[in-house]
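Note that the sequence shown covers residues -15 to 168 in our numbering. Take a look at the structure set out below.
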Amino acid sequence: MESVVETVKTGTSFLEEAKRRSGEDLSLCYQCLKCTAGCPTAPFMDVRPNNLIRMIQMGRKEEVLGSSAIWLCVSCETCGTRCPNKIDIGVLMDALREMAIEEGIPAKERNIHLLHEAFVQSIKRGGRVHEATMLIDYKLRSRDFLTDLIPGMMLFLKGKIPLFPSFIKGREEIKRIFEKCEKK
């Protein structure tokens, strides 16, 4: 059984790791709930954004990394905009997803990690997301070819999903950023 001292050390190390990986000072959160009140996906999360920060402060690493919340965040940045201390929870969620992947903690939602990987690969290729290639990548990874086929085709026919990607200037810089992150 883990002692109180070991629990505090583990909790502190998780808080420090989350802070280091995300660049966000989570000790500034005083639970005003503005992040959760503005979050469009909070009603679908098992742990609300403000509670997630509190759990990190308390060192509840396994619960945080095993939560659905880290995978359901859409990085809309409403939380960071509303936060009086400018904590960007979207950036934190990215760091927590990467930590969960590295530690082999599976997402509760079926195939959501595959969508995350396809999203990241799309950014690596062109510096921004190209929905068509990202979705093809995801469908090939998940082997879920029929789900969302009709809505996807409707979006494509309306011109909402461009056939050809547009690449940003400075793709080499994006490549170097990813390479630097992978070395850590």
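All C-beta atoms, glycine included, are put in the ideal place defined by N, C-alpha and C.
Beta-carbon separation (whole angstroms), residue i vs residue j, contact threshold 8 Å
i      : j      : result
Ala116 : Leu76  : With a Cβ gap of about 29 Å, Ala116 and Leu76 do not count as contacting.
Leu124 : Gly136 : In fact, because the Cβ distance is near 14 Å, the residues do not count as touching under 8 Å.
Ala102 : Asp121 : 4 Å
Cys63  : Pro27  : About 14 Å; that fails the 8 Å criterion.
Environment of residue i [buried if 16+ CB atoms lie within 10 Å]
i       : result
Leu130  : exposed
Lys45   : buried
Glu8    : buried
Ile73   : buried
Phe(-2) : buried
Gly143  : exposed
Of the residues the options, the one placed nearest residue i, counting alpha carbons only
i      : options                           : result
Tyr14  : Leu98, Asn35 and Pro149           : Asn35
Ala2   : Thr25, Arg81, Leu98 and Cys60     : Arg81
Thr156 : Cys16, Ser(-3), Ala102 and Arg112 : According to the sequence displayed, residue 156 carries Glu and not Thr. When each option's Cα is compared against that of Glu156, the closest is Arg112.
Pro149 : Gly74, Ser126, His100 and Ser106  : Ser106
Glu0   : Ile152, Ile37 and Lys108          : Ile37
Ser11  : Ile161, Asn69, Leu141 and Asp132  : Asn69
Lys153 : Ile85, Lys108 and Ile71           : Lys108
Beta-carbon proximity list for residue i, same chain, < 7 Å, skipping 5 on both sides
i      : result
Arg66  : Lys18, Cys19 and Gly22
Glu93  : Ser52 and Trp55
Glu87  : Leu49
Met83  : Arg5 and Leu49
Met29  : Ser52, Ala53 and Leu56
Ile85  : His97
Asp128 : Asn95
Endpoints, alpha helix (DSSP H) assigned at residue i
i      : result
Thr117 : Glu115 to Ser126
Val48  : Lys45 to Leu49
Gln41  : Pro33 to Gln41
Gln105 : Ile96 to Gly110
Pro146 : Premise fails: Pro146 is in no alpha helix (DSSP H) and is neither H nor E.
Met77  : Ile73 to Glu86
Lys18  : Lys18 to Gly22
Thr25  : Run containing Thr25: none; DSSP gives neither H nor E here.
Same chain, Cβ closer than 8 Å to residue i, neighbours up to 5 away in sequence not counted
i      : result
Asp78  : Ser6 and Ser59
Ile145 : Glu115, Ala116, Leu119, Gly136 and Leu139
Gln41  : Gly(-5), Leu(-1), Leu10, Ser11 and Cys13
Cut-off 6 Å between Cβ atoms - residues of its own chain near residue i, not counting five sequence neighbours on either side
i     : result
Ile96 : Trp55
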